[in-house]
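Student: I'd like to ask some things about the structure below.
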Amino acid sequence: MKSLESQQIDKPSAWLQEKAQNAAKMSGVGPDTVARILQKTKAQTEANSEEHQDNMRVLDEKMTELRAKYDLNPFKDTGLPAASDTVAVQPKAIIPIQKGIKRKVTIQAGKPEGPRAKKAKFQKTQPSKEGVFQRAKEDAEKRAEIQRRQLENGDAEKQAKSQEAQQKKDDAHKRVVQNMQKRVEKVRDMRRQEEDLKDESISAAFAESSTAGPSRGRAATTTANQPDDMDVTPSNSLFVLEDNMDKHPLRARLPGWYTIISMKSPIMEAISKKRPPELTSLESLKVCVKQCEDAKSPVQLEKLYDVLRDHVHKAEIQLVVNRHLIRKANMLSPDYGLPQIFKKGADLPCDLKADAWQLYNRWWKSDLNQELLRGIVPNKTENRTSDRLDDTYRKKFFTDAKHYGNGDLVLGQWWPTQLCAVRDGAHGSAQGGIYGEKEHGAYSIVLSGGSGYQDVDNGDVIDYSGTPGKNSTPTENTVHLLKSSVLGNQVRVIRSAQLSKKNKYRPELGLRYDGLYQATSYTQTDQETAMYKFRLERCGGQDPIRFQGKAKRPTIYEIKEYEKLKDKGVW
């Protein structure tokens with residue numbers, strides 16, 4: 001073991017030798033001298049003499065002097081600090097090495113620290129757990145405060161936007177109400193102007209229907225006080241003045257089922273080859289329209305008009321068609337089909353225009369069933385016939401009677417039963433004579449006569465009786481007409497074959513739509529039953545009532561079909 005230690009001292013490390021040599025050069029001492037000094041130092045160390053300790057002090061003083069003059073930090077490349085300028089040398093007792101015991105190596109100043117020393121030093125600089133928790137708590141409170149302020153700012157912005165949107169809605173509602181009031185005032189002004197122009201003779205108001213319409217003056221009868229709780233403001237979506245509107249407007253586009261059919265499809269080519277009789281009938285209708293346009297003689301025109309009426313009425317009742325036939329004949333085309341009859345500028349009778357437009361609308365919707373009772377499910381019982389609407393048909397071709405004006409109805413449109421009128425949106429009740437709503441008044445009425453009602457029908461002016469109530473309280477239907485007398489809205493009037501046969505405006509069978517009327521006044525005839533009689537006047541600008549002549553409805557084809565159903569026991 002001793003020989004091993006001696007070998008380690010004889011061979012110092014390379015860096016120590018290099019630094020020693022550099023120090024020797026600076027001090028002016030040669031290599032040989034340094035070697036002798038090292039050898040002597042070795043011997044002194046082994047001897048543990050006092051001379052060795054004195055030499056170490058002298059060496060330390062010399063090294064201190066050299067460090068002050070030169071940069072002699074051997075650890076500068078490793079990033080460690082230089083040793084202190086003054087090194088306190090404390091001699092230690094040299095313990096002889098005993099056999100079998102290893103020398104304990106101590107860490108000298110200036111040498112690199114171990115990982116454990118670094119870790120201990122680092123741990124001393126770390127804050128305590130309480131400080132960490134306190135700082136985390138403060139950070140969380142700051143973040144919560146920032147979020148709270150952001151939410152407050154966001155809520156304020158949302159509230160401001162909500163208030164702004166509500167203000168816009170309120171302003172829009174005010175504008176709608178103002179416009180409605182202006183329209184009501186306009187109607188009242190028109191009534192006052194027409195009242196000033198009425199004829200001196202009151203009998204003129206009961207004249208037969210004419211194209212110019214009846215006199216609009218109010219009757220000279222005493223009018224009962226109108227209820228104070230009635231709202232005069234009509235619905236914006238329902239209040240319609242149709243005097244200046246196109247009576248028979250053309251739809252903006254062709255239906256999808258019509259345009260999707262290709263003229264070159266196999267079905268269309270087969271129709272072209274076979275030329276079925278239905279296609280021939282449709283082509284004949286179009287040829288007749290062209291002949292009416294080219295005819296010059298009035299006598300010839302009247303004959304052609306009758307032929308054209310037959311074509312249109314047959315197509316409405318008797319002609320069985322499908323989509324491909326209608327597409328093949330271009331019946332919905334504005335330039336070649338039915339629109340040629342009712343388009344603007346067409347010089348044809350008004351009844352022809354109306355019937356062609358009715359057929360055009362039905363075909364446009366693809367409602368190609370020509371039967372009178374289409375959409376009706378008959379149910380005959382022992383006591384009475386109880387029919388109902390077909391739900392499938394209603395979903396496919398839905399119509400609603402809750403509207404003012406004509407809608408898709410045409411003057412003279414005819415139905416075999418009142419339920420059929422409900423099917424097409426002309427009336428809203430299968431049995432009641434008055435249909436309406438509390439806020440909007442009456443939409444439509446059916447004139448059917450009956451005992452106990454003293455109705456007077458003079459065509460353009462009708463004295464119509466309400467229904468009897470109880471305890472001086474009017475019925476719901478009567479209230480609807482009272483409301484209409486305040487609103488001045490248009491009411492559809494349908495005449496029934498149940499009217500007295502003495503009434504020349506009575507249809508021969510079924511029910512017929514005769515246009516728009518207004519409730520201009522009313523009189524209470526019985527206080528106990530709250531019976532009222534209303535004066536209904538026909539609105540101006542409408543075509544004549546179709547109760548006579550070639551324009552009469554029902555047509556001969558409708559009457560024939562009605563009789564067939566009667567023979568079958570349908571009614």
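So the sequence shown is numbered by UniProt numbering: it starts at 1 and just counts up by one.
Don't be surprised by glycine CBs; every beta carbon is placed ideally from N, CA and C.
Every value quoted in this text rests on a predicted model; they were computed, and no experiment measured them.
Does the distance from the CB of L516 to the CB of Y464 come in under 8 Å?
Tutor: Position 516 of the sequence shown, counting from 1, holds the residue named residue 516. Position 464 of the sequence shown, counting from 1, holds the residue named residue 464. Not in contact: L516 and Y464 (Cβ atoms no closer than 8 Å).
Student: With a Cβ-Cβ cutoff of 8 Å, do R546 and L411 count as a contact?
Tutor: Walking along the sequence shown from the start, residue 546 turns up at place 546. Walking along the sequence shown from the start, residue 411 turns up at place 411. Yes, they are a contact pair.
Student: So, at 6 Å on beta carbons, what are the nonlocal neighbours of K533 in its own chain, with the 5 sequence-adjacent residues on each side left out?
Tutor: Residue mapping note: residue 533 aligns to position 533 of the sequence shown, counting from 1. So the list reads D463, S465, T523, T525, once near-sequence residues are dropped.
Student: With a 10 Å radius around its C-beta and 16 neighbouring C-beta atoms as the bar for buried, classify S496 as buried or exposed.
Tutor: On the sequence shown, residue 496 is found 496 positions in, with the first residue counted as 1. By the 10 Å Cβ count, S496 comes out buried.
Student: What is the DSSP secondary structure of G337, reduced to helix, strand or coil?
Tutor: For the purposes of this step, residue 337 is taken as residue 337 along the sequence shown, with counting starting at 1. In the structure shown, G337 sits in coil (DSSP, three-state: anything other than H, G, I, E or B).
Student: At the level of alpha carbons, what is the spacing between L38 and Q21?
Tutor: Here residue 38 refers to the residue found at position 38 of the sequence shown. Here residue 21 refers to the residue found at position 21 of the sequence shown. Each residue's Cα considered, the two are about 12 Å apart.
Student: State whether the stretch 429-440 contacts the stretch 475-490, with contact taken as three or more CB pairs (one from each stretch) at a distance under 8 Å.
Tutor: yes
Student: Can you grab the Cα-Cα spacing for the pair N503 / L250, in whole Å?
Tutor: As a first step, residue 503 must be located in the sequence shown, where it is residue number 503. As a first step, residue 250 must be located in the sequence shown, where it is residue number 250. So the alpha carbons of these two residues sit roughly 36 Å apart.
Student: Given a cut-off of 8 Å, decide if L332 and I326 are closer than it, judged by their beta-carbon atoms.
Tutor: Walking along the sequence shown from the start, residue 326 turns up at place 326. Walking along the sequence shown from the start, residue 332 turns up at place 332. Result yes, Cβ atoms of I326 and L332 sit closer than 8 Å.
Student: Since T280 is in the beta strand (DSSP E), which residue starts that stretch and which ends it?
Tutor: Numbered from its first residue, the sequence shown carries residue 280 at position 280. Careful: T280 lies outside any beta strand (DSSP E), inside the alpha helix (DSSP H) at 277-294.
Student: Could you pull out every residue in the same chain whose Cβ sits closer than 6 Å to the Cβ of S386, ignoring the five residues on either side in sequence?
Tutor: Residue mapping note: residue 386 aligns to position 386 of the sequence shown, counting from 1. The beta carbon of S386 is closer than 6 Å to those of N379 in its chain, skipping five residues each way along the sequence.
Student: Among K290, E302, N153, which one has its Cα closest to the Cα of G549?
Tutor: Here residue 549 corresponds to residue number 549 of the sequence shown, with the count starting at 1. Checked all of K290, E302, N153; the closest Cα to G549 is E302.
Student: Straight-line CA distance for A140 to K69?
Tutor: On the sequence shown, residue 140 is found 140 positions in, with the first residue counted as 1. On the sequence shown, residue 69 is found 69 positions in, with the first residue counted as 1. Their backbone Cα atoms lie some 57 Å apart in a straight line.
Student: Determine the burial state of A35: buried for a count of at least 16 other Cβ atoms within 10 Å of its Cβ, exposed for fewer.
Tutor: The count along the sequence shown starts at 1 and reaches residue 35 at position 35. Looking at its Cβ environment, which holds fewer than 16 other Cβ atoms inside 10 Å, A35 is exposed.
Student: Would S281 count as contacting chain C if we go by Cβ distances under 8 Å?
Tutor: The structure shown contains no chain C; it holds only a single protein chain.
Student: Nearest by alpha-carbon distance to residue 578: which of A401, T478, Q53 is it?
Tutor: Any question about residue 578 goes unanswered here, given that the chain covers just 1 to 571.
Student: With DSSP collapsed to three states, give me the class of A442.
Tutor: By 1-based counting over the sequence shown, the position of residue 442 is 442. In the structure shown, A442 sits in a strand (DSSP, three-state: E or B).
Student: So is G153 buried or exposed if we call it buried at 16+ other beta carbons inside 10 Å?
Tutor: As a working note, residue 153 is residue 153 in the sequence shown. It should be noted that the sequence gives Asn, not Gly, for residue 153. Classification of N153: exposed, given that the 10 Å Cβ count is below 16.
Student: Across which residues does DSSP place A519 in a beta bridge pair?
Tutor: Residue 519 sits at position 519 when you count from the first residue of the sequence shown. Beta-bridge pairing links A519 to L536.
Student: Check A220 in the structure and name its three-state DSSP category.
Tutor: Taking the first residue of the sequence shown as 1, we reach residue 220 at position 220. Since pLDDT at A220 reaches only 33, below the 50 mark, its modelled position is unreliable, and no value is offered.
Student: Is it the case that the Cβ atoms of D457 and L447 are separated by a distance below 8 Å?
Tutor: The residue you call residue 457 lines up with position 457 of the sequence shown. The residue you call residue 447 lines up with position 447 of the sequence shown. Yes, the pair counts as a contact, with Cβ atoms nearer than the cut-off.
Student: Buried or exposed: which applies to P416, given that a residue is buried once 16 or more other Cβ atoms fall within 10 Å of its Cβ?
Tutor: Along the sequence shown, one-based indexing puts residue 416 at 416. Looking at its Cβ environment, which holds 16 or more other Cβ atoms inside 10 Å, P416 is buried.
Student: Curious, which full-length beta strand (DSSP E) runs of at least 3 residues does the stretch 451-495 contain?
Tutor: 461-465
Student: Which class does V321 belong to by DSSP, given the choice of helix, strand or coil?
Tutor: Locating residue 321 in the sequence shown gives position 321, where the first residue counts as 1. Three-state DSSP puts V321 in coil, outside helix and strand.
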